[in-house]
Amino acid sequence: MPSSSLARDEGATVDVVLGDRFGTSCAPDLIDCAEAAFRGHGLRVVRNKPYAGGFITE
């Protein structure tokens, strides 16, 4: 997804958006591990905003 909307939406750049459909499409331990790994490399990480993930798991 394009990152250009992030700058307008939050006023700051974000490197990684982890979308887990608000905890429904990924195990919490897995998303926590991914977030920690990205942050460990100095990246700015957000969850589910502006992309919560596809709604293919319904």
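In the working numbering, the protein residues as written are 1240 to 1297. Where a beta carbon is used, it is the ideal one built from N, C-alpha and C, also for glycine.
C-beta atoms of residue i and residue j nearer than 8 angstroms
i       : j       : result
Asp1254 : Arg1283 : yes
Gly1292 : Ser1264 : yes
Ala1273 : Leu1257 : yes
Among the options, nearest to residue i - alpha-carbon criterion
i       : options                      : result
Thr1252 : Ala1276, Lys1288 and Gly1292 : Lys1288
Endpoints, beta strand (DSSP E) assigned at residue i
i       : result
Leu1257 : Val1255 to Leu1257
In DSSP terms, what residue i is bridged to
i       : result
Arg1286 : Leu1257
Delimiting residues of the alpha helix (DSSP H) encompassing residue i
i       : result
Ala1291 : Looking at the DSSP string, Ala1291 is not in any alpha helix (DSSP H), and its letter there is neither H nor E.
Gly1281 : Unbroken run through Gly1281: none, as it is neither H nor E.
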